[in-house]
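Below: one structure, written as structure tokens.
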Amino acid sequence: MKNRGCRTSQFLPNKKHEKRSKTKKKENLGRKQKDKGEFSSGDRNGGVGYVDRISDLPDGILVSILSCLLFNEAAATSVLSRRWRDLWASTMNLNFEDEKNSRDFMEVKPNIQHRKRRSFVSLVDRAVQQHMGPLIERFRACFFLDRRFARSIDGWIEFAIKKRVQILELEFSAANVKDNYIFPHELLGLETGSTRKDLHSSIPSRHFSECSMGFKSLKILNLRHVNVDGEVLEYLLMNCPVERISVVAAKNLVDLRVVSPSIGWKYLAIENCPDLKTIEICNADIVSFTYIGVAINLLLSNVPLLAEVSITELEIESNNFFDSITISVELPFTQLSCYLSQLKYLTMDISEAVYNQDYVFPILANLKYLELICEPHYASSLRYLTSFMKASPYLQRLVLKMNIITSWLEEMGIGKTDMEEIVTTEQMETLAKCPHHELRVIEIVGYRARRFAAKHVMLLLKNAVALEKFVIDPVRYRSRGPSMVKEDIDEEMKARNHAMKHLKKIVPSTVNFVCL
Numbered sequence: 001m002k003n004r005g006c007r008t009s010q011f012l013p014n015k016k017h018e019k020r021s022k023t024k025k026k027e028n029l030g031r032k033q034k035d036k037g038e039f040s041s042g043d044r045n046g047g048v049g050y051v052d053r054i055s056d057l058p059d060g061i062l063v064s065i066l067s068c069l070l071f072n073e074a075a076a077t078s079v080l081s082r083r084w085r086d087l088w089a090s091t092m093n094l095n096f097e098d099e100k101n102s103r104d105f106m107e108v109k110p111n112i113q114h115r116k117r118r119s120f121v122s123l124v125d126r127a128v129q130q131h132m133g134p135l136i137e138r139f140r141a142c143f144f145l146d147r148r149f150a151r152s153i154d155g156w157i158e159f160a161i162k163k164r165v166q167i168l169e170l171e172f173s174a175a176n177v178k179d180n181y182i183f184p185h186e187l188l189g190l191e192t193g194s195t196r197k198d199l200h201s202s203i204p205s206r207h208f209s210e211c212s213m214g215f216k217s218l219k220i221l222n223l224r225h226v227n228v229d230g231e232v233l234e235y236l237l238m239n240c241p242v243e244r245i246s247v248v249a250a251k252n253l254v255d256l257r258v259v260s261p262s263i264g265w266k267y268l269a270i271e272n273c274p275d276l277k278t279i280e281i282c283n284a285d286i287v288s289f290t291y292i293g294v295a296i297n298l299l300l301s302n303v304p305l306l307a308e309v310s311i312t313e314l315e316i317e318s319n320n321f322f323d324s325i326t327i328s329v330e331l332p333f334t335q336l337s338c339y340l341s342q343l344k345y346l347t348m349d350i351s352e353a354v355y356n357q358d359y360v361f362p363i364l365a366n367l368k369y370l371e372l373i374c375e376p377h378y379a380s381s382l383r384y385l386t387s388f389m390k391a392s393p394y395l396q397r398l399v400l401k402m403n404i405i406t407s408w409l410e411e412m413g414i415g416k417t418d419m420e421e422i423v424t425t426e427q428m429e430t431l432a433k434c435p436h437h438e439l440r441v442i443e444i445v446g447y448r449a450r451r452f453a454a455k456h457v458m459l460l461l462k463n464a465v466a467l468e469k470f471v472i473d474p475v476r477y478r479s480r481g482p483s484m485v486k487e488d489i490d491e492e493m494k495a496r497n498h499a500m501k502h503l504k505k506i507v508p509s510t511v512n513f514v515c516l
């Protein structure tokens, strides 16, 4: 190949090249305007010019693109176009999540943690101050924040509701729930200790603030490690068009009573609120209910549309929390007894449940989707699995999430041989005598290359006589943090190899076998 070398004249301006360049620009573009923010590399660096075509796109398209990005990503796009410098400050989706600093946050020293917290708070503060749009659809802040940053967080909420926010998400993490950020009553025009009669009144209180009017647009509220009480939630459900509420790790939540809420409310999720005693829902069109935490007084009345339930109730029998904790299967069934026949989707954690062979499972006549979280190294897991399948004659999809931490089991003195012998061949033969004629899809999440896990697969394959698809997903359903990543990756690789080598050949040829 002939070496043409590098000619200096190629990079020196000349009249002929300049004329041709100008003509080409005029013919192809003909509309370069500085006031539109269009520029060329030639204008800045002396090279061949190009036009900022991004600026020709309609504002609606540009804003839609920006709305799909995290806030810092949206702000970075300002270098692409002069018009974008203004548009990113008008985006309707403010999503603040520092993924880079979140990965190793718990691994660094406290002074570095505080520096990262301050950096995140400063970023959000600046964004709130610079935002120029009249409305926002979503405001999300996700980081390791607590009550020490209450002044800034108060300002974020006030900003969001003044902008008529539709989705408000405060996903924080505190070392102790006592240090959680406290949701301010004042922003709702409430005084601490307001009576429920005041909350349910259609006449605004004289303490009703200007900010509280912004909640009239709120549709989705997600709170994590935010201390919010029943009064605030009840007020929102009675006075706002909220459709979904999710609350995780709120220490102040003790009682939640919702009677005849707004017609749009469909979803409620309450998880790990340590002091919660009662949830009462009456005369509501709620469709989906999730509860995970200690056993509570759950009262449901006139909820005809309830079709999806995810419930795990922990029973604590002594002061020694870790030694006495069990999961109850019978209690939720008792509390939901009037609505079990209408459920279509059910999720339960049975990993710490003690199997009661005398308990008669209620029939789940309309159940189509069942998701169980289990510890498959215990024989009770197989027994529960069999009982659920017998009680769900029209089940179509089963998802089994296996909670297997190999290193922990070995540290507890449960070696591979011990684990494999927990479920005997005799038990397998007994449990396998319950064919299911409607089950079409089975998914195993968190599968591991262990014989007790494979026995669950064998049991399901024997029982699911109409099976069409079988999915193995070795990825753990619950992340365990950066320090555990390598162990999980190694186990996932072994699980994939084991599934392809041993499980695939026992799956009938008529079944679509998928290993993710």
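Counting in the UniProt record's numbering, the sequence shown runs from 1 upward without gaps.
The beta-carbon is built from N, C-alpha and C at its ideal position, and this holds for glycine as well.
All values reported here derive from a predicted model rather than from experimental measurement.
For residue 289, report the span of its alpha helix (DSSP H) as first-last.
First-last for residue 289: 288-294, but that is the beta strand (DSSP E), not the alpha helix (DSSP H).
Is the beta carbon of residue 327 less than 8 Å from the beta carbon of residue 353?
Against a cut-off of 8 Å, the Cβ pair of residue 353 and residue 327 comes out as a contact.
How many Å lie between residue 307 and residue 116 at the Cα?
Computed Cα separation, rounded: 43 Å.
With DSSP as the reference, label residue 43 as helix, strand or coil.
Since pLDDT at residue 43 reaches only 47, below the 50 mark, its modelled position is unreliable, and the value read off the structure follows with that caveat. In the structure shown, residue 43 sits in a helix (DSSP, three-state: H, G or I).
Alpha carbon to alpha carbon, how far is residue 401 from residue 251? Give it in angstroms, no decimals.
Cα-Cα distance, rounded: 28 Å.
Within this structure, are the beta carbons of residue 223 and residue 242 separated by less than 8 Å?
Taking 8 Å as the Cβ cut-off, residue 223 and residue 242 do not qualify as a contacting pair.
Give me whichever residues DSSP pairs with residue 527 in a beta bridge.
Here the chain has residues from 1 to 516 only, and residue 527 is not among them.
For residue 287, which of 338, 345 and 313 has the nearest alpha-carbon?
Answer by Cα proximity: 345.
Going by Cα to Cα distance, which pick from 374, 489 and 516 is closest to residue 452?
For residue 452, the nearest C-alpha among the options comes from 374.
What is the rounded straight-line gap between the Cα of residue 416 and the Cα of residue 399?
Because the pLDDT at residue 416 is just 46, under 50, the model does not fix this residue reliably, and the value given afterwards should be weighed accordingly. Rounded to the nearest angstrom, the two C-alpha atoms are 25 Å apart.
How big is the Cα-Cα spacing for residue 201 and residue 285?
Residue placement at residue 201 is poorly supported in this model, since its pLDDT is 36, which falls under 50; the coordinates are not used for a value here.
With distance defined between alpha-carbon atoms, name the residue in 332, 455 and 173 nearest to residue 377.
Answer by Cα proximity: 455.
Roughly how many angstroms lie between the CA atoms of residue 188 and residue 340, to the nearest whole one?
About 37 Å.
I'd like to know whether the C-beta atoms of residue 183 and residue 228 end up nearer to each other than 8 Å.
Yes. Within cutoff.
With residue 382 as the anchor, note down where its alpha helix (DSSP H) starts and where it stops.
Residue 382 -> alpha helix (DSSP H) spans 379-391.
At 4 residues or longer, and completely inside the region 429-504: list those alpha helix (DSSP H) runs for me, N to C.
The region 429-504 contains these whole alpha helix (DSSP H) runs: 451-463 and 485-498.
CB-CB under 6 Å to residue 436, same chain, minus the five flanking residues each way: which ones, in chain order?
Hits under 6 Å: 389, 463 and 464.
Counting C-beta neighbours from all protein chains within 10 Å, is the total for residue 466 16 or more, i.e. buried, or is it exposed?
It is exposed - the Cβ of residue 466 has fewer than 16 other Cβ atoms within 10 Å.
Using DSSP's beta-bridge definition, name the partner residues of residue 117.
Its beta-bridge partners do not exist; DSSP assigns none.
What's the C-alpha gap between residue 271 and residue 500?
If I take the Cα positions, the gap works out to 37 Å.
Which same chain residues, not among the five before or five after residue 142, have their C-beta less than 6 Å away from its C-beta?
Within the same chain, residue 142 has close Cβ partners 97 and 171.
How far does the alpha helix (DSSP H) with residue 302 in it reach, from first residue to last?
Looking at the DSSP string, residue 302 is not in any alpha helix (DSSP H), and its letter there is neither H nor E.
May I ask you to check if the CB of residue 464 is nearer than 7 Å to at least one heavy atom of the ligand HEM?
Among the ligands in the structure shown, none appear at all, so the ligand HEM cannot be discussed.
Using the Cβ count rule (16 or more neighbours within 10 Å means buried), how would you classify residue 349?
The residue in question, residue 349, is buried, as its Cβ has 16 or more Cβ neighbours within 10 Å.
Around the C-beta of residue 293, are 16 or more other C-beta atoms found within 10 angstroms, so that it is buried, or is it exposed?
Buried, because 16 or more other Cβ atoms sit within 10 Å of the Cβ of residue 293.
Using only CA atoms, which one of 177, 181, 217 and 233 lies nearest to residue 190?
That would be 233, whose Cα lies nearest to the Cα of residue 190.
Got a sec, what are the start and stop residues for the beta strand (DSSP E) residue 278 sits in?
Its beta strand (DSSP E) spans residues 278-282.
Which stretch, first to last residue, makes up the beta strand (DSSP E) that contains residue 399?
Run containing residue 399: 397-402, per the beta strand (DSSP E) assignment.
If you run the structure through DSSP and keep just helix, strand and coil, what is residue 124?
DSSP places residue 124 in helix when its eight states are reduced to three.
Leaving aside the five residues before and after residue 392 along the sequence, list all residues of the same chain whose C-beta is less than 7 Å from its C-beta, in chain order.
The residues are 364, 367 and 370.
Once the 5 residues before and after residue 244 are set aside, which same chain residues still bring their CB inside 6 Å of it?
Same-chain partners within the cutoff: 220 and 267.
Figure out for me which residue from 283, 331, 358 and 255 has the closest Cα to the Cα of residue 276.
Ranking the options by Cα distance to residue 276, first place goes to 255.
Measure the C-alpha to C-alpha separation of residue 162 and residue 351 and round it to an integer number of angstroms.
Their Cα atoms are separated by approximately 45 Å.
Checking 8 Å against the spacing of the C-beta atoms, do residue 602 and residue 468 come in under that value?
Residue 602 lies beyond the residue range present for the chain, which begins at 1 and ends at 516; the question has no answer from this structure.
Determine whether the beta carbon atoms of residue 336 and residue 309 lie at a separation below 8 Å.
Cβ distance < 8 Å, so residue 336 and residue 309 count as in contact.
For residue 222, does the three-state DSSP call read helix, strand or coil?
Residue state, collapsed to three classes: strand.
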